[in-house]
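Colleague: This structure is in structure tokens; I'll ask about it shortly.
Numbering (my numbering), first residue to last: 669 to 911.
This is how it looks when you write it as structure tokens:
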């Protein structure tokens, strides 16, 4: 087969075919789109996922769940450590110094501010049978000043501790709570607070016992009431009596 034979038997293509072919070959090939199309699809997928996650975490339901894992009560950050066993609390005060902090004793409510540098509210109501055990203790730490007083019932077997603490503006202290504890969000004196039951507390691992805690912040002071038997109603009554 030679060129002469091809020329004799060549036929002109149909006009429609020629026009379609021309349109195809006259358009430049976009090689960049061909190469980067998978990358763009992947980028779009990542962007969509990021948007989904952002919207998810902005939803009230998820925010409430995250808030239940970490609660901030002033300078105290309560972290949910449930699933890892019991979490005892041996010392509720934020001890940041290697040695015992300076301690001062106030024998009446008016003396507290002289040593503490602030004037905390103090209880005017105590549960039946409870009385103060000694004077107020004022403990000075690196970033905090804690005021402390213990009360006991007539039998001496149950205790109540009142512990207002003034922290520095940037102070943060973490306290974990474990499987032995139940933490409930409540309102105390018009302020957001928490009620904790089952918290193991003692001066040493050998003296740990279940206790109940009421915590809230008022006028920049962290207030804590904790004891070995008192109910939420009695704790709130003590808190409401503060003046």
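Note that beta-carbon positions come from the ideal geometry of N, C-alpha and C, so glycine has one too. These numbers come from a predicted model, not from an experiment.
1. Quick one, which of 808, 893 and 897 has its alpha-carbon nearest residue 862's?
2. Which class does residue 697 belong to by DSSP, given the choice of helix, strand or coil?
3. So, under 8 Å CB-CB, residue 961 and residue 817 are touching, yes? Tell me the CB distance rounded to an integer number of Å.
4. Just grab the DSSP bridge partners of residue 790 for me.
5. Taking the alpha-carbon of residue 830 as reference, which of 743, 751, 849 and 905 has the nearest alpha-carbon?
6. By Cβ distance, which residues of its chain are closer than 8 Å to residue 877, with the 5 residues on each side in sequence left out?
7. Does the segment 771–787 come into contact with the segment 743–760, if we say contact requires no fewer than three beta-carbon pairs (one atom in each stretch) closer than 8 Å?
8. Output the distance between the C-alpha atoms of residue 886 and residue 741, rounded to the nearest integer angstrom.
9. Run through the DSSP bridge pairs and tell me what residue 830 is partnered with.
10. Once you ignore the five residues that flank residue 731 on each side, which residues in its own chain have a CB closer than 6 Å to its CB?
11. Residue 775 to residue 880, Cα distance in whole Å?
Modeller: Quick answer:
1. Taking the first residue of the chain shown as 1, we reach residue 862 at position 194. Of 808, 893 and 897, the residue nearest in Cα terms is 893.
2. Looking up residue 697 in the chain shown gives position 29. In this prediction, residue 697 scores a pLDDT of 46, lower than 50, which makes its location untrustworthy; the coordinate-derived value is nonetheless stated afterwards. Reduced to three states, the DSSP call for residue 697 is coil.
3. This structure gives no information on residue 961, because the portion of the chain shown stretches from 669 to 911.
4. Residue 790 sits at position 122 when you count from the first residue of the chain shown. Residue pairing by DSSP places residue 790 opposite no residue, since no beta bridge is assigned to it.
5. If you number the chain shown from 1, residue 830 lands on position 162. Among 743, 751, 849 and 905, the Cα nearest to that of residue 830 is on 905.
6. Counted from its first residue, the chain shown places residue 877 at position 209. Cβ neighbours of residue 877 within its own chain (closer than 8 Å, five residues either side excluded): 868, 869, 870 and 896.
7. As far as the Cβ criterion goes, the segment 771–787 does not touch the segment 743–760, which means the pair count is below three.
8. As a first step, residue 886 must be located in the chain shown, where it is residue number 218. As a first step, residue 741 must be located in the chain shown, where it is residue number 73. Distance between the alpha carbons of residue 886 and residue 741 is about 10 Å.
9. By 1-based counting over the chain shown, the position of residue 830 is 162. Its beta-bridge partners are 817 and 893.
10. As a position in the chain shown, residue 731 is number 63, starting the count at 1. Residue confidence is low: residue 731 scores 40 on pLDDT, short of 50, so the model does not pin down where it sits. Its coordinate-derived value is still stated next. Residues of the same chain with their beta carbon placed closer than 6 Å to that of residue 731 are lacking, with the five preceding and five following residues left out of the count.
11. Position 107 of the chain shown, counting from 1, holds the residue named residue 775. Position 212 of the chain shown, counting from 1, holds the residue named residue 880. About 27 Å.
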